[in-house]
Structures are given as structure tokens and as C-alpha cells.
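Engineer: Got a structure here, written out as C-alpha cells. Questions coming.
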Amino acid sequence: TTVAEGNLKIRINSLRADEFGPLIAEINNMIEGLKEKQLLQETFGRHVGHQAAIQILNRDPNLGGIEQDLTVLFADLRNFTQRCTIDSPVQIVAILNRFLTEMVDIVEHQHGGMVNKFLGDGFMALFGVGQPDVNHARQAVDAARAMLQSLHRLNGQFAQDGIAPLQMGIGIHTGVAVVGSIGSSQRLEYTAIGNTVNIAARVEALTKQVGEPLVITLETQQRLHSMPPTAALPPQFVKGQSQPLQVFRLLD
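The working numbering numbers the first residue of the sequence shown as 9 and each following residue consecutively.
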């Protein structure tokens, strides 16, 4: 029961010559194997994200992508490139780490998402990977709202430290994407690709044009079942799409 509860520090030191001796040795070997797997998952998870690490370790790492219905969130700090020309690299890294620590915790530990990759001063997060029965659109929108609230609190702390506030844009889209280990035989990346991902990235870029910190598409809005309430924005043409996107802002 101690091992089942997650305590992998235990070891049976009793040496016996009867039939229990080999069994004790096998239990000790099993515990060592579990410790190695736990260490691999924790270390690997720091690089690809905890949820991604679990997905990869539970499946064939050479497996190609499979189609999944999910929600993709892109978040990006506004005007951060210009800020990099003013602040020192050390200051920039410190600010980014404080910001990303807050955002990753909200996405992964509070709302069941997966921060898939960091993009300089932003990131891409996936919701619904390996969770077909959840309302991943609602998860993503709830996470985005919590992220904006957290940024407001973080800016309060920055003000006390004499640091200029941050501004963020978030774009969200729901649809089918190919998710899995994608790349070459020498180097693989666990990620999502497809038009759903492309649209989510374009929607994030729209936040600057429409003057809203959070913009979602019709496909995401339809999954929310009117909670939270939304308001339609003018249809927007974006690069790579033949038809204008129907996009929405949140009312609260």
C-alpha cells in the first residue's frame, strides 16, 4: 500500500533464504523501475510539459500524428520585441519567467490544458488532447480569462518593482488537428499541426486589430453554450483563409 500511495523511497532490506527471498528481490527491482520512470517523466515533463510527457511515455514515441478534436490557444505579449531593445537580456528573461510560470500553472494545473511550445514571448496551448469527453473549448476560454486576471495581478507586482506593465493577446479556435510525435527519425516533437492551429494563430494576431485582449472563433463560441456570454465582432479576413472568420469577444 505504501508504494501504491506513491512512496517510492521504501526498500525491503530483509534477506531470506526461503521462497519469499526472490519475491522480495523482485519487489525491490519493481520499485527501482518505478523510480526511474517517475524521474524520466518529471525531467522530460520540464521540457515538453507534464501532460505531453505522459502522452509520449504512454505511447510509441515513433508514432505519427492522429486526428483529434481539440481547442488551440495562442497567447502573445504585445510590443515585447520593442521592450527587448530597452531592457537588459537578464531583465527580459526574469520578466518572461515570472509571466510564463503564472500562465503555465493556469493552463496545465488549473484548467487541464497542455502548453505545447514556447514562442519567444508567447506560447501555444492545447486543450482536449487525450480527453475526448471534456468540453475543451470551455476549458480553454476559462483558462484565458484566468490568464488575463493573473496578468492584472502580476502587473500590480511589477508596478511595485518599478517594471512597466505587460499586455497580452489571446486567440482561441476549436477544430480537428493532427496531434502526435512529428519530425525526423533523429528528432521528434510532440505537437499539433493543421488548419485549426493556423487559424488559432491568426486569431491571436487579430486581437491587435480589433482592440480586444481575447478573441475566439465561432467554432469555439458554439461549444460554450452561451456561458460566458459573447458578442460578435465584424467578420475578419486573415491570411491563408478564403472566407472571413466569424469571431467573438467575451462580454464579462
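For every residue, glycine included, the Cβ atom is placed at its ideal position computed from N, Cα and C.
Return the bridge partner residues of A133 from the DSSP annotation.
Structural biologist: Numbered from 1 along the sequence shown, position 125 holds the residue referred to as residue 133. A133 is bridged to L81 and V123.
Engineer: Residues in its own chain within less than 8 Å of D113 by CB, not counting five upstream and five downstream?
Structural biologist: Within the sequence shown, numbered from 1, the residue matching residue 113 stands at position 105. For D113, where only same-chain residues beyond five positions count, there are no Cβ hits under 8 Å.
Engineer: Going by CA-CA distance only, name the one from V149, F107, L253 and V101 that's closest to H119.
Structural biologist: Here residue 119 refers to the residue found at position 111 when the sequence shown is read from its first residue. From the listed residues V149, F107, L253 and V101, the smallest Cα separation to H119 is found for V149.
Engineer: At which residues does the beta strand (DSSP E) containing L214 begin and terminate?
Structural biologist: Taking the first residue of the sequence shown as 1, we reach residue 214 at position 206. Careful: L214 lies outside any beta strand (DSSP E), inside the alpha helix (DSSP H) at N203 to V218.
Engineer: So what does DSSP say about H181, is it helix, strand or coil?
Structural biologist: For this step, residue 181 is matched to residue 173 along the sequence shown. Looking at H181 - three-state DSSP - the assignment turns out to be strand.
Engineer: Classify A172 as helix, strand or coil using the three-state DSSP reduction.
Structural biologist: Locating residue 172 in the sequence shown gives position 164, counting from the first residue. DSSP places A172 in coil when its eight states are reduced to three.
Engineer: Counting only the same chain and skipping the five closest in sequence on each side, list residues whose C-beta sits under 6 Å from that of G81.
Structural biologist: Here residue 81 is taken as the residue at index 73 of the sequence shown, counted from 1. According to the sequence as given, residue 81 is Leu; it is not Gly. Excluding positions up to five away in sequence, the list reads A133, A148 and I180.
Engineer: Helix, strand or coil for L108, going by three-state DSSP, please let me know.
Structural biologist: The sequence position of residue 108 within the sequence shown is 100, counting from 1. The answer is helix: DSSP assigns L108 an H, G or I state.
Engineer: May I ask you to verify whether the segment 204-220 touches the segment 170-190, counting CB pairs closer than 8 Å and requiring at least 3?
Structural biologist: yes
Engineer: According to DSSP, is L258 part of a helix, a strand, or is it coil?
Structural biologist: Your numbering for residue 258 matches position 250 in the sequence shown. Note: L258 maps to strand in three-state DSSP.
Engineer: Write down the C-beta distance between E227 and R257 rounded to the nearest angstrom, noting that I regard them as a contact closer than 8 Å.
Structural biologist: If you number the sequence shown from 1, residue 227 lands on position 219. If you number the sequence shown from 1, residue 257 lands on position 249. Going by Cβ atoms, the distance from E227 to R257 rounds to 15 Å, so no, they are not a contact pair.
Engineer: Which residues in the same chain have their Cβ closer than 7 Å to the Cβ of N163, if we skip the five residues on either side of it in sequence?
Structural biologist: Here residue 163 corresponds to residue number 155 of the sequence shown, with the count starting at 1. Hits under 7 Å: P173 and L174.
Engineer: Among the candidates S96, Q251, I100 and M155, whose CA atom is the shortest distance from the CA of A83?
Structural biologist: Stepping through the sequence shown from its first residue, residue 83 is reached at position 75. The candidate whose alpha carbon is nearest that of A83 is M155.
Engineer: Below 8 Å on the Cβ atoms is my guess for G121 versus F131; work out the distance and round it to an integer in Å.
Structural biologist: Within the sequence shown, numbered from 1, the residue matching residue 121 stands at position 113. Within the sequence shown, numbered from 1, the residue matching residue 131 stands at position 123. With 8 Å as the limit, G121 and F131 do not qualify as a contact, their Cβ atoms being about 11 Å apart.
Engineer: Which complete beta strand (DSSP E) runs does the segment 217-250 hold, if anything under 3 residues is left out?
Structural biologist: 222-225 and 238-240
Engineer: Determine the direct distance from the alpha carbon of Q194 to that of H160, and round the result to whole angstroms.
Structural biologist: Your numbering for residue 160 matches position 152 in the sequence shown. Your numbering for residue 194 matches position 186 in the sequence shown. Distance between the alpha carbons of H160 and Q194 is about 42 Å.
Engineer: In the structure shown, what three-state DSSP assignment does T199 receive?
Structural biologist: Position 191 of the sequence shown, counted from the start, is the residue given in the question as residue 199. Reduced to three states, the DSSP call for T199 is strand.
Engineer: Which partner residues does G191 have in the DSSP bridge list?
Structural biologist: Within the sequence shown, residue 191 is the residue found at index 183, counting from 1. In DSSP, G191 forms a bridge with L196.
Engineer: If you draw a straight line from the alpha carbon of L253 to that of V101, how long is it in whole angstroms?
Structural biologist: Your numbering for residue 253 matches position 245 in the sequence shown. Your numbering for residue 101 matches position 93 in the sequence shown. One C-alpha to the other measures close to 35 Å.
Engineer: Is Q139 helix, strand or coil when you go by DSSP?
Structural biologist: Looking up residue 139 in the sequence shown gives position 131. Coil, per DSSP.
Engineer: Is the beta carbon of L241 sitting closer than 7 Å to the one on A152?
Structural biologist: The residue given as residue 241 occupies position 233 in the sequence shown. The residue given as residue 152 occupies position 144 in the sequence shown. It is not a contact, given that the beta carbons lie outside the stated cut-off.
Engineer: Taking only three categories from DSSP, how would you classify I94?
Structural biologist: Numbered from its first residue, the sequence shown carries residue 94 at position 86. Three-state DSSP puts I94 in coil, outside helix and strand.
Engineer: Take D77 and list the residues in its own chain whose beta-carbon comes closer than 6 Å to its own, dropping the five residues that flank it on each side.
Structural biologist: As a working note, residue 77 is residue 69 in the sequence shown. When the five nearest sequence neighbours on each side are left out, the beta carbons in the same chain lying within less than 6 Å of the beta carbon of D77 are those of V184, in order along the chain.
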